Each structure stands twice: as C-alpha cells, then as structure tokens.
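Colleague: End of the sequence shown sits at 551 in my numbering; the numbers just go up one at a time, nothing left out.
Structure provided below as structure tokens; questions to follow.
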Amino acid sequence: MLGHHHGYTKINSYFGYRTSPTAGASSYHSGLDIGAPEGAKLIAVTSGEITFTGFLGGGGYTITLTSGNIKFTYCHVSPYYIVSKGDFVLQGQVIGYVGPKNVYGVKGNQYKDENGNPTNGATTRTSFTLWSKNKWRLY
413 MLGHHHGYTK INSYFGYRTS PTAGASSYHS GLDIGAPEGA KLIAVTSGEI
463 TFTGFLGGGG YTITLTSGNI KFTYCHVSPY YIVSKGDFVL QGQVIGYVGP
513 KNVYGVKGNQ YKDENGNPTN GATTRTSFTL WSKNKWRLY
C-alpha cells in the first residue's frame, strides 16, 4: 500500500455494504478506499507478478498484483502505467500512481461525477481502492 511516511492512511470507504457512491455503482464494496492525491505512489504490498493492467469497469484504471493464490488489485490508478502484465515486482517497489478522478476517451465508461463528467470508475474523489479476491479479515 502507500508508504506510511506519506500519511495517506485514512480509509474513506470500508469493505462491505454501503450507499452507492456514483450512479450505476454497486452498494456492495469489495475493497478499501484510501484517500490520496493524484500522483501519490502505489507500493507493492508483496512480491509477485503483475497479472493485469487496464480499465476495469467500476475499478477504473487498474493494476493487479498476484502472489501465490492471492490477488491484490489497485483501482483508480493512473493510466500511465510503469509496470506491465508479466512483470515481477518486489515488495515495497513503486508499481504505479494514484490516478485522476476524471478520465476521458474510455469507450463504454458508464461512471460519471455530479457534473456528468466521466470518472476513473466508480469513484467520487481522488483515491485508490485495494482489494483481494480472498475475503478481508480483521485481526
């Protein structure tokens, strides 16, 4: 996730049921939204392989990092990728940056902000979402 020294640790939206943030978005949130300014570094939470980069519907521009049988998906990232599918990355490595709230030119993007401008997936603020296909557990 983001390095703690940057101070971007506030969770804006937790895993689970919630009020839909944008029209067309699901009320079930399968990730954790962490508020951060556009351009903030995204750090690999573990070593593994980049298995996806692209626009992923409600997740907007996305990077997926796979380690063993666990996938970590970084959503609402910058479309200017610094990693590619098939790259092996090390824990702590910068793998991308927080993207803008609004993106243009994405075919079929149904997500819009309050002014009707297309957003970077189902997001109402500049942030990123981290989720895993395994269920989150709190210890």
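Glycine included, every Cβ here is placed at the ideal spot set by N, Cα and C.
Quick caveat: nothing in here was measured; it's all calculated off a predicted structure.
What is the rounded straight-line gap between the Cα of ILE462 and the Cα of GLY451?
Modeller: Going from the Cα of ILE462 to the Cα of GLY451 covers about 20 Å.
Colleague: Classify ASN481 as buried or exposed, calling it buried when 16 or more other Cβ atoms lie within 10 Å of its own Cβ.
Modeller: So ASN481 counts as exposed.
Colleague: Does DSSP classify GLY460 as helix, strand or coil?
Modeller: Residue state, collapsed to three classes: strand.
Colleague: Taking the alpha-carbon positions, what's the ASN514 to ASP525 distance?
Modeller: Roughly 8 Å separates the two Cα atoms.
Colleague: Could you check what DSSP says for GLY447 in three-state terms: helix, strand or coil?
Modeller: Note: GLY447 maps to strand in three-state DSSP.
Colleague: Have a look at the DSSP bridge pairing and note the partners of ASN514.
Modeller: ASN514 is bridged to THR531.
Colleague: In the DSSP assignment, find the beta strand (DSSP E) that holds LYS483 and state where it starts and stops.
Modeller: That run of the beta strand (DSSP E) goes 482-487.
Colleague: When you compare only the Cα positions, how much space is there between ALA534 and TYR473?
Modeller: C-alpha separation (whole angstroms): 11 Å.
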